[in-house]
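Report on the structure given below.
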Amino acid sequence: MIKSIEKQRNIIDFTLSSLWRRKGKNLALLVVYTLVVFSLGSVMFFTQALKNEAAIILRGAPEIIVQKLVAGRHELIPMASAQTIRAIRGVEAVKDRLWGYYYDPIGRANYTLMVPEGMDLKENEIIVGAGISRVRQVFRGNALLLRTYDGRPISLFIKGILSPESELLSSDLILISATGFRRLFGVSGDDATDLTVTVLNKKEISTIAAKIVDKLPDARAITRDEILRTYDAVFDWRAGIMIAILAGAVLAFLIFAWDKAAGLSGEERREIGILKAIGWETADILQMKFWEGTIVSLSSFFLGVILAYFHIFYASATLFEPVLKGWSILYPEFRLTPFISGYQIAILFFFTVIPYTVATIIPAWRAATIDPDVIMRT
Amino acid sequence: MKSVRNLILFICLLLFTAGSLWGAAEIMPGKLTPTDKCPICGMFVAKYPDFVAQIGFKDGTCAFFDGVKDLMKYYFDLAKYNPGKSTTDIAHILVTDYYSTKLVDGFQAFYVIGSDVYGPMGKELVPCQDEAAAKEFKVDHKGAAILLFKNITPELIKTLDQ
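Protein sequence lines, in the order shown, are assigned to chains A and B.
Residues 1 to 378 in the working numbering are what the first sequence lists, from first letter to last.
Residues 1001 to 1162 in the working numbering are what the second sequence lists, from first letter to last.
Structure follows, in structure tokens:
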């Protein structure tokens, strides 16, 4: 047992020095390989982290959201509709929500305004997201000056700044009291932006959604699954674009790697011939080639994955920010919660390491089975 | 003397009403733990909170099921699944009401069969707390029939497995 480990150690030792002898070529391979793993890994981490972030936020979302439509556009819904929905069997609770957008010419961005549930805010108090705080340079205790729907200025005191934990959605958020919201936008006390419906039995959600639309023909009922699916589709679509762009790079790498791995150079064939002549067996040579492929591909794999991890979770995905994000203006600094699944790593591994390792073995086996005398003479 | 007698009478009355109150609230649901398995199919029950059903015995033991279908199989063949117990030993049967997902008395519930709602073990008897709910469920989910507990037979359970 110890002897065989010792043997493998010697083979690896030899392989490493043999790799080092052709360092220019092997380092180039390592760099290109690492780059490919890095780009693919970055896209995977990024989309997965975005999806994860969305899922965390949506976990607390209501089962159904009911919105009134006028001419296909979202309108304010009368609070009386809540009674109609409450009468449907299986509905646990119906709550009205107030939210909207405010364009701020000073910050040159759209803010999202929301009336939080179960938070005690006075009429002129607000809580703002970290992005707004940065852009407008306002902090706890300061006042933020906004304009009401009819042009009068209104100053709101900042009671707190939202934690940067999930900046994806809270960066441009302002939490405001219901009365403050109605005053700012001129929304009457009988209306709400939309209604949220809590359902106890998850199996019943789609039936209840259908019943709501049946009873309120001018409304639409959006289920939580639909929102999640939309997020997934949007992120997948963005990832798709990135992969399509990267496909060229991946193909170039494949050709490069195939050329390097499949066709042994004359020097390498000579090396195999000499090793056989001095008494190495075919099996030993195959083991050597296996270790060579493993060393190159594993080190580039780990390097690429680590680099991608830092790129996404510490450097805020600087390289593909414009493509993958970008549906709001106010994300000056944006850090995702690190999230990695074993499944992703496994996919990345099987698409990069395994093919390369396999590709190096076959030509080596071919060379190793030829008579050493013939190899050395060619 | 009279006051003492009155006091005794009062205490007796109090005990009596307390006793009858106790009797009214006698269903004490067994506590489900994550390791409880269905005695019929062997699956973990806690994973399916929408379908949990239970039979509580007078000695305090309790069997949990991942659907009314498995509960009925157990109920009809107690001698096989819980030797030494008979239906007279049963203290309560609780099933999960479809709409409220709360435990309700299994003897009083209304069961809908043939609907498009499937449980962890396939076709199910879906329990509803009252008749109006059962009727609405039958319409919404294309149910075939509404049954009372006493109408459920072993033959019917067999047809659900086909």
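Where a beta carbon is used, it is the ideal one built from N, C-alpha and C, also for glycine.
Note that the structure is a prediction, hence the values are computed from the model and not measured.
Amino acids of chain A, ordered along the chain, whose beta-carbon sits closer than 7 Å to that of residue i
| i | result |
| --- | --- |
| D1140(B) | T207 |
| V1117(B) | K203 |
Residues near residue i in its chain [Cβ-Cβ closer than 6 Å; skip 5 each side]
| i | result |
| --- | --- |
| G304(A) | T34, V37, F38 and G41 |
| N26(A) | L19 |
| F235(A) | T47, L50 and K51 |
| E204(A) | G90 |
| A221(A) | I64, V66, A209, I212 and V213 |
| G1056(B) | G1030, C1062, A1091 and H1092 |
| K1123(B) | L1160 |
| S155(A) | A143 and L145 |
Contacts that residue i makes with chain A (C-beta to C-beta distance below 8 Å)
| i | result |
| --- | --- |
| D1050(B) | N201, K202 and K203 |
The beta strand (DSSP E) enclosing residue i, as first and last residue numbers
| i | result |
| --- | --- |
| K159(A) | P153 to I161 |
| A1091(B) | I1090 to T1096 |
| L318(A) | Residue 318(A) is actually Thr in this sequence, not Leu. Looking at the DSSP string, T318(A) is not in any beta strand (DSSP E), and its letter there is neither H nor E. |
| I65(A) | I64 to V70 |
| A109(A) | A109 to M114 |
| A379(A) | Look at the range of chain A in this structure, 1 to 378, and you will see that residue 379(A) is not part of it. |
| L1147(B) | A1145 to L1148 |
| G1056(B) | A1053 to F1057 |
| R140(A) | Where R140(A) is concerned, there is no enclosing beta strand (DSSP E), given that its DSSP letter is neither H nor E. |
| P1127(B) | V1126 to C1128 |
| F1110(B) | F1110 to I1113 |
| I1040(B) | Element bounds for I1040(B): n/a, residue is neither H nor E. |
Inter-residue Cα distance where the pair is residue i and residue j
| i | j | result |
| --- | --- | --- |
| P1039(B) | Y1081(B) | 7 Å |
| T223(A) | I65(A) | 6 Å |
| P153(A) | L76(A) | 24 Å |
| D1161(B) | A1133(B) | 25 Å |
| Q287(A) | I375(A) | 19 Å |
| E333(A) | G131(A) | Bear in mind that the predicted position of E333(A) carries a pLDDT of just 49, short of 50, making it unreliable; the figure below should be weighed with that in mind. Each residue's Cα considered, the two are about 8 Å apart. |
| I57(A) | D232(A) | 13 Å |
| A359(A) | V43(A) | 26 Å |
| T15(A) | T369(A) | 19 Å |
| V1139(B) | M79(A) | 29 Å |
| A1024(B) | S81(A) | At A1024(B), the pLDDT of 42 sits below 50, so the modelled position is not reliable; the number obtained from the coordinates is stated separately. The alpha-carbon atoms of A1024(B) and S81(A) are separated by roughly 39 Å. |
| A1144(B) | W237(A) | 43 Å |
| E1155(B) | D225(A) | 39 Å |
| F351(A) | G1042(B) | 39 Å |
| F1064(B) | V1052(B) | 7 Å |
| D1130(B) | L113(A) | 43 Å |
| R377(A) | S297(A) | 32 Å |
| D28(A) | F253(A) | Residue identity check: residue 28(A) is Ala in the sequence provided, not Asp. Cα-Cα distance, rounded: 11 Å. |
| I255(A) | S4(A) | 36 Å |
| S328(A) | Y1099(B) | For S328(A), the predicted structure reports a pLDDT of 49, less than 50, and the residue's modelled location is therefore unreliable. The matter cannot be settled from this model. |
| A1109(B) | T1096(B) | 9 Å |
| G406(A) | D284(A) | Any property of residue 406(A) remains undetermined from this structure, which presents chain A solely from 1 to 378. |
| D1105(B) | R86(A) | 25 Å |
| V1045(B) | L1103(B) | 14 Å |
Sequence-distant residues of the same chain with beta carbon closer than 7 Å to residue i, five excluded per side
| i | result |
| --- | --- |
| P372(A) | G273, K276 and A277 |
| S1086(B) | L1078 |
| R21(A) | none |
| K122(A) | S177 |
| T198(A) | P62, E63, E92 and A93 |
| G160(A) | I127 and R140 |
| P1120(B) | M1043, Y1048, F1051, D1066 and G1067 |
Residue i: first and last residue of the uninterrupted alpha helix (DSSP H) it sits in
| i | result |
| --- | --- |
| L27(A) | K23 to R59 |
| K1135(B) | E1131 to D1140 |
| I370(A) | Per DSSP, I370(A) belongs to no alpha helix (DSSP H) and is neither H nor E. |
| G304(A) | T282 to F313 |
| I278(A) | Counting along the chain, I278(A) falls outside any alpha helix (DSSP H), and DSSP gives it neither H nor E. |
Backbone secondary structure at residue i - three-state DSSP
| i | result |
| --- | --- |
| P78(A) | strand |
| D1077(B) | coil |
| F1065(B) | strand |
| F201(A) | It is worth fixing the name first, because residue 201(A) is Asn in this sequence and not Phe. Here N201(A) sits in coil by DSSP. |
| G131(A) | helix |
| P1083(B) | coil |
| I88(A) | coil |
| Y102(A) | strand |
| R366(A) | helix |
| I329(A) | Interpretation of I329(A) is limited by its pLDDT of 45, a score under 50 that renders its predicted location unreliable; no figure is taken from the coordinates. |
| A359(A) | helix |
| L121(A) | coil |
| K3(A) | helix |
| L1156(B) | helix |
Within chain B, partners of residue i - CB distance below 7 Å
| i | result |
| --- | --- |
| R89(A) | Y1099, A1133 and E1136 |
The ligand COA heavy atom lying under 7 Å from the CB of residue i
| i | result |
| --- | --- |
| G1119(B) | Of ligands this structure carries none, so the ligand COA is not represented either. |
Beta-carbon proximity list for residue i, same chain, < 8 Å, skipping 5 on both sides
| i | result |
| --- | --- |
| I1157(B) | K1069, M1072, K1073 and F1076 |
| I347(A) | M44 |
Residue i at chain D interface by Cβ criterion, 8 Å
| i | result |
| --- | --- |
| A346(A) | In summary, chain D is missing from the structure at hand, where the protein chains are A and B. |
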